[in-house]
Amino acid sequence: MKVLVPVKRVLDYNVKPRVKADGTGVDLANVKMSMNPFDEIAVEEAIRLKEKGVATEIVVVSIGEQKAQETLRTALAMGADRAILIVSEDKVEPLGVAKLLAKVAEAEQPGLVILGKQAIDDDNNQTGQMLGALLGWGQGTFASKVEVAGDSVDVTREVDGGLETVKLKTPAIVTTDLRLNEPRYASLPNIMKAKSKPLEQKTPADYGVDVTPRLTTVKVEEPAKRQAGVKVADVDELVGKLKTLGVVA
Amino acid sequence: MAQVYEAPLRDMRFVLHELFEGEDFGDLPHFGEFTPDLTDAILDEAARLTRDVLLPLNASGDAEGCTIENGVVRTPAGFRDAYAQFRDGGWAALSSPPEWGGQGLPETVNKLVEEMICAANLSFSLYPGLTHGATTAILGHASEDLKRAYLPKMVSGEWGGTMCLTEAHCGTDLGLLRTRAEPRGDGSFAVTGSKIFISSGDHDLTENIIHLVLARLPDAPRGVKGISLFLVPKLLPNDDGTCGPRNGVAVAGIEHKMGLKASATCQLAFEESIGWLVGEPNKGLAAMFTMMNAERVSVGIQGLGVGEIAYQSAVAYARERLQSRALSGTARPDLPADPIIVHPDVRRMLMTMRAYTEGSRALGQWVSRALDAEAHGADPETRQRASDFVAMMTPVVKALFTDLASETANLGVQIYGGHGFIREHGVEQFVRDARITQLYEGTNGVQALDLVGRKLGAHMGRYLRPFFHAVSAQLADAAKTSARDLAAWRSSLEQSFGMLQLSTGTIAQKALKDAEEAGAAATDYLRLVGLVGMGHCFLKAARIARHRLGEGTDEADFYTAKLATAGFFFDRILPQATAAFLSIKSGKRSLMALPADAF
Ligand SMILES: Cc1cc2nc3c(=O)[nH]c(=O)nc-3n(C[C@H](O)[C@H](O)[C@H](O)COP(=O)(O)OP(=O)(O)OC[C@H]3O[C@@H](n4cnc5c(N)ncnc54)[C@H](O)[C@@H]3O)c2cc1C
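Residue numbers (my numbering), protein chains in the order written: chain A, 647 to 895; chain B, 6 to 604.
Structure (structure tokens):
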């Protein structure tokens with residue numbers, strides 16, 4: 647079974663984002679970029695499936711600027727087999743990404759597409775679900791456990807009330823949650839091997855997909871600074887304060 | 006605030022790709038596959054691994070230390086797992102040759118990865134570090150049989166290695182060594198004696214430990230000419246390569262140390278332990294020194310690593326600690342006081358730390374390039390030049406970087422104020438850890454003697470030439486510059502270089518008549534060489550930065566900061582060269598004036 651794993655290049659999770667002075671977005675000039683952490687989990691899960699003999703080939707795909715090559719190389723260094731980069735220097739929204747992924751899935755015929763549940767830059771949490779709809783495949787989102795048996799896959803999902811397990815017929819879509827696994831560090835030999843693994847370059851036009859944004863960003867600004875708190879001496883003072891604030895009667 | 010470290014990847018890429026581009030020792034086709042995208046990917050992953058796996062064990066390892074129970078040494082909690090991850094990731098085999106399972110990385114990249122490991126966890130670095138040193142000696146001097154039996158498992162990190170020189174009565178002066186080796190009649194030897202201070206002498210990270218032991222054969226001449234090198238495994242390997250019986254190597258104790266606490270420093274007793282000769286009889290010291298020389302550069306890098314984490318931890322604190330208002334007027338009216346980073350004296354400390362680490366990183370990279378060219382340069386002339394440069398700079402890198410590291414670590418504590426003295430903040434550990442780097446692999450005093458005694462005068466000053474040529478060439482090249490700051494910095498470098506040339510001549514002359522003159526000048530001379538070396542690198546860096554800014558770059562912040570650091574170096578650090586020059590000039594007179602029994 648082939649596994650397709652889309653990966654996104656995002657601001658590194660350790661970096662504190664800064665909004666551009668003109669309010670058009672987050673400043674990405676010269677800041678550390680990395681693979682979206684949820685996508686790392688997706689790549690790891692695919693590699694584990696391959697190590698178990700379930701998956702036969704792992705194809706990673708990224709949609710983004712040329713530099714997303716580095717992110718794909720990271721996935722190859724972790725253990726993916728080949729990569730596809732769909733180059734778009736402009737931002738592609740979740741629907742555009744999902745449409746492109748649907749085309750890639752049609753061409754590649756994977757048994758599973760494993761995606762991160764969301765990307766930590768926009769926190770949309772949409773792409774996997776949209777892809778499921780476009781392809782008409784079953785989806786198991788927020789996965790904390792994935793077990794493939796024959797032509798179906800059991801996905802344990804993290805839902806508000808606890809855990810829920812769904813059985814999906816393959817091909818299927820899985821989106822990963824944080825507790826699914828702990829991604830490995832790429833080994834040095836694999837980093838070196840990654841350099842010679844195939845990386846194919848495409849454009850949205852190659853797939854006949856129009857990725858023109860449908861949303862306009864009006865303004866991006868920092869969240870309001872938290873005001874300093876006040877220390878209260880005792881419960882009575884606290885209740886008094888809450889009353890003056892009108893929080894309790 | 007605590008121990009803060011992110012590998013300084015941008016500066017690392019700067020020294021790796023930009024600073025020496027197209028210069029010095031030419032391109033090395035041998036390393037053609039290591040294109041920038043590959044080396045950057047390696048540095049990125051090393052940065053993650055060191056930050057996420059090694060750094061969290063730095064303070065806990067220091068607090069817990071190593072323990073010994075019934076002759077078995079244990080590393081602190083977490084070290085076994087971290088080592089397993091490190092080894093399985095292939096990081097132990099970083100720069101070893103591919104024929105033996107290594108990754109064959111150029112030293113230029115390897116030394117940057119070493120810096121990260123040492124910054125994140127100096128104690129940890131000694132386990133793979135000593136193994137790597139031991140493999141270097143085996144590669145260079147052991148028989149093919151020994152290589153085949155030991156190298157693959159040592160290169161992969163499955164087995165560890167040590168170097169056993171020191172005995173209680175014999176540290177710097179190895180001629181006093183007493184450990185004996187008797188032939189057993191089958192080509193092997195029975196090694197008997199006591200060693201102290203043996204790093205990684207015993208631990209629980211690897212299933213076997215391969216000791217490289219200096220000892221005397223029965224008929225050996227006295228002194229350093231009668232020392233041979235032996236390979237003595239902790240467990241004797243079976244024919245199939247698995248570990249067999251114990252080999253009479255006992256751990257008599259572990260040392261209780263000022264710092265470096267998670268590194269097991271052991272007293273070892275060899276009791277008729279079976280060993281095999283490495284290299285020729287009575288030539289052991291030379292064999293050990295191929296390894297020692299490589300290790301000395303690495304100890305310099307250890308210092309640099311500790312300096313970098315001390316610097317980053319200090320910056321983080323200086324931004325957050327609020328005390329007093331800025332002399333120039335309140336900087337943060339929204340806060341009860343300004344962050345201490347506004348105060349000029351705090352800046353002085355931060356800039357000093359920054360100039361020392363950036364300067365060391367640049368100079369270290371230059372020497373690493375020479376290490377690669379020494380092995381793989383295009384022609385014999387280049388290889389010789391590179392080798393001369395390495396010979397000259399090895400003691401400088403070792404002693405200068407570690408002296409500066411100690412100073413940096415101390416400044417780090419100073420920036421934390423009283424809180425720096427409190428263990429929970431984690432920065433006094435840097436002072437204790439950095440301290441060892443000035444001592445082992447030959448004390449810094451001995452490094453200075455090596456520079457002045459062995460390197461300066463040898464072959465009519467041939468070792469000095471590549472360094473002197475490079476500095477003169479840049480001074481000539483930069484003479485055309487119209488930028489006022491660059492011109493001023495160039496002229497500071499020219500002055501210091503002049504003082505270095507004068508001192509070199511003075512010492513060479515005086516030492517001919519009186520060896521004590523050389524000894525009295527050694528430490529100041531080493532500092533002078535180091536300052537000129539760093540000045541050369543800073544001028545180069547500043548010229549590149551100025552050029553990039555002129556061309557237009559989207560990394561203006563980085564290059565502007567580089568210029569600021571260079572400016573500080575020339576204004577505030579390079580003047581130390583004058584002090585060193587004047588000290589050297591005064592000669593030994595006042596230094597030796599007081600008779601020994603008057604102290
Ligand atoms: C934590 C730790 C780990 C170590 N790891 C190892 C290891 O793995 N293997 C190993 O073999 N050893 C190891 N050592 C030993 C270390 O290399 C020695 O301590 C060091 O070489 C100095 O020797 P010494 O301590 O006997 O000092 P001494 O040689 O007694 O020196 C004392 C002082 O005299 C000065 N001095 C000595 N001779 C001269 C001279 N000719 N001219 C000018 N000054 C001189 C020295 O610079 C120093 O200041 C380790 C030591 C420590 C503390």
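Every residue, glycine too, gets a C-beta built ideally from N, C-alpha and C.
As assigned by DSSP and simplified to three states, the class of residue i
{"i": "residue 647 of chain A", "result": "coil"}
{"i": "residue 740 of chain A", "result": "helix"}
{"i": "residue 427 of chain B", "result": "coil"}
{"i": "residue 213 of chain B", "result": "strand"}
{"i": "residue 693 of chain A", "result": "helix"}
{"i": "residue 99 of chain B", "result": "coil"}
{"i": "residue 5 of chain B", "result": "Nothing can be reported for residue 5 of chain B, as the shown portion of chain B is limited to 6 through 604."}
{"i": "residue 191 of chain B", "result": "coil"}
{"i": "residue 25 of chain B", "result": "coil"}
{"i": "residue 872 of chain A", "result": "coil"}
{"i": "residue 281 of chain B", "result": "strand"}
{"i": "residue 783 of chain A", "result": "coil"}
{"i": "residue 80 of chain B", "result": "coil"}
{"i": "residue 898 of chain A", "result": "Here chain A covers residues 647 to 895 and nothing more, so residue 898 of chain A does not appear."}
{"i": "residue 263 of chain B", "result": "coil"}
{"i": "residue 33 of chain B", "result": "coil"}
{"i": "residue 719 of chain A", "result": "helix"}
{"i": "residue 202 of chain B", "result": "strand"}
{"i": "residue 227 of chain B", "result": "coil"}
{"i": "residue 338 of chain B", "result": "coil"}
{"i": "residue 769 of chain A", "result": "coil"}
Inter-residue spacing [alpha-carbon to alpha-carbon] between residue i and residue j
{"i": "residue 673 of chain A", "j": "residue 665 of chain A", "result": "6 Å"}
{"i": "residue 687 of chain A", "j": "residue 828 of chain A", "result": "7 Å"}
{"i": "residue 573 of chain B", "j": "residue 120 of chain B", "result": "24 Å"}
{"i": "residue 60 of chain B", "j": "residue 126 of chain B", "result": "6 Å"}
{"i": "residue 563 of chain B", "j": "residue 225 of chain B", "result": "59 Å"}
{"i": "residue 455 of chain B", "j": "residue 848 of chain A", "result": "59 Å"}
{"i": "residue 367 of chain B", "j": "residue 822 of chain A", "result": "43 Å"}
{"i": "residue 146 of chain B", "j": "residue 284 of chain B", "result": "5 Å"}
{"i": "residue 320 of chain B", "j": "residue 709 of chain A", "result": "37 Å"}
{"i": "residue 861 of chain A", "j": "residue 742 of chain A", "result": "12 Å"}
{"i": "residue 810 of chain A", "j": "residue 62 of chain B", "result": "37 Å"}
{"i": "residue 353 of chain B", "j": "residue 362 of chain B", "result": "14 Å"}
{"i": "residue 377 of chain B", "j": "residue 36 of chain B", "result": "9 Å"}
{"i": "residue 299 of chain B", "j": "residue 138 of chain B", "result": "7 Å"}
{"i": "residue 542 of chain B", "j": "residue 264 of chain B", "result": "32 Å"}
{"i": "residue 279 of chain B", "j": "residue 217 of chain B", "result": "12 Å"}
{"i": "residue 693 of chain A", "j": "residue 788 of chain A", "result": "18 Å"}
{"i": "residue 525 of chain B", "j": "residue 514 of chain B", "result": "14 Å"}
heavy atom of ligand 1 below 6 Å from residue i C-beta
{"i": "residue 450 of chain B", "result": "yes"}
{"i": "residue 177 of chain B", "result": "yes"}
{"i": "residue 3 of chain B", "result": "The first residue shown for chain B is 6 and the last is 604, placing residue 3 of chain B beyond what the model contains."}
{"i": "residue 39 of chain B", "result": "no"}
{"i": "residue 411 of chain B", "result": "no"}
{"i": "residue 263 of chain B", "result": "no"}
{"i": "residue 445 of chain B", "result": "yes"}
{"i": "residue 73 of chain B", "result": "no"}
{"i": "residue 129 of chain B", "result": "no"}
{"i": "residue 273 of chain B", "result": "no"}
{"i": "residue 442 of chain B", "result": "no"}
May I ask you to list, following chain order, the residues of the segment 43 to 62 of chain B that have a beta carbon less than 7 Å from some beta carbon of chain A?
Of all residues in the segment 43 to 62 of chain B, only 43, 46, 47, 50, 53 and 54 come within less than 7 Å of chain A when Cβ atoms are compared, listed by chain position.
With 9 Å as the C-beta to C-beta threshold (strictly closer), list the residues of the segment 76 to 95 of chain B near chain A in chain order.
90, 93, 94 and 95
Positions along the segment 305 to 335 of chain B whose CB lies within less than 8 Å of some CB in chain A
none
Using a Cβ cut-off of 9 Å, which residues of the segment 677 to 697 of chain A contact any Cβ in chain B, in chain order?
678 and 680
Taking a Cβ distance cut-off of 7 Å, strictly less, list which residues of the segment 544 to 560 of chain B are near chain A, in chain order.
559 and 560
Would you list, in chain order, the members of the segment 715 to 731 of chain A that have their beta-carbon closer than 9 Å to a beta-carbon of chain B?
715, 716, 719, 720 and 723
For the segment 813 to 839 of chain A, which residues have a beta carbon sitting closer than 9 Å to at least one beta carbon of chain B?
830, 831, 832, 833, 834, 835, 836, 837 and 838
Below 7 Å between beta carbons is the criterion; list the residues of the segment 383 to 408 of chain B that meet it against any residue of chain A, in chain order.
none
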